[in-house]
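In what follows, a single structure is set out as structure tokens and then discussed.
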Amino acid sequence: MKENITLIMYSHSSYSDVWPIFFNQAEKYLKQYKKVLFSDDDLGKLPDGWTSVIYDDSLNYAQRMTECLFKIDTPLSFLHHEDMPLYSEPDYRLLDTYEDIVLNDNIDFIRLLRSTDA
């Protein structure tokens with residue numbers, strides 16, 4: 025288990041129809057991470073290995089995120105939304121390198137994304 029990083033999926037219960045895709049891909053590629061769902065309600069749909077942090081739906085996004093993040097006990101996290109599942113296996117060595125950079129250099133975050141140069 026990676027002790028420094030929590031995989032976070034931010035969502036809302038109204039999008040729970042796509043949660044299984046995200047949960048399955050996380051189980052397939054990110055077994056080694058602690059996993060947390062931020063949502064207004066987990067609807068009892070969390071798979072084994074996941075916990076939930078329930079936010080107050082009346083708060084704005086920034087307030088929700090702030091309150092939820094204060095409940096995470098690891099120094100680092102991967103933040104996803106339910107529509108951002110992994111499509112293939114990540115480069116674990118590169119993720120370890122990024123972990124080391126953020127923990128040991130004057131870097132607060134690294135944004136990981138896939139893009140084209142079109």
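Counting in the working numbering, the sequence shown runs from 25 upward without gaps. Just so it is clear, CB atoms sit at the ideal spot from N, CA and C, and this is done for glycine as well.
Other residues of its chain near residue i: CB distance less than 6 Å, five sequence neighbours each side excluded
i, result
"V42", "E106"
"I45", "P109"
Cross-strand partners of residue i (DSSP beta bridge)
i, result
"S101", "T30"
"T121", "According to DSSP, which records beta bridges pairwise, T121 is partnered with nothing at all."
"F153", "There is no way to answer for residue 153, as the model of the chain reaches only from 25 to 142."
7 Å Cβ cutoff met for residue i and residue j
i, j, result
"M25", "H104", "no"
"N28", "L100", "yes"
"V77", "F94", "no"
Any non-hydrogen atom of the ligand GDP closer than 6 Å to residue i Cβ
i, result
"S112", "Although the ligand GDP was asked about, the structure shown includes no ligands whatsoever."
Close-in-space but distant-in-sequence residues of the same chain around residue i (CB under 7 Å, 5 per side omitted)
i, result
"Y122", "I134"
Could you say if the stretch 108-121 and the stretch 44-60 meet the contact criterion of at least three C-beta pairs nearer than 8 Å? Result yes; three or more Cβ-Cβ pairs closer than 8 Å.
Do the stretch 123-140 and the stretch 62-72 make contact, defined as three or more Cβ pairs closer than 8 Å? The stretch 123-140, when compared against the stretch 62-72, does not touch it at the 8 Å Cβ threshold.
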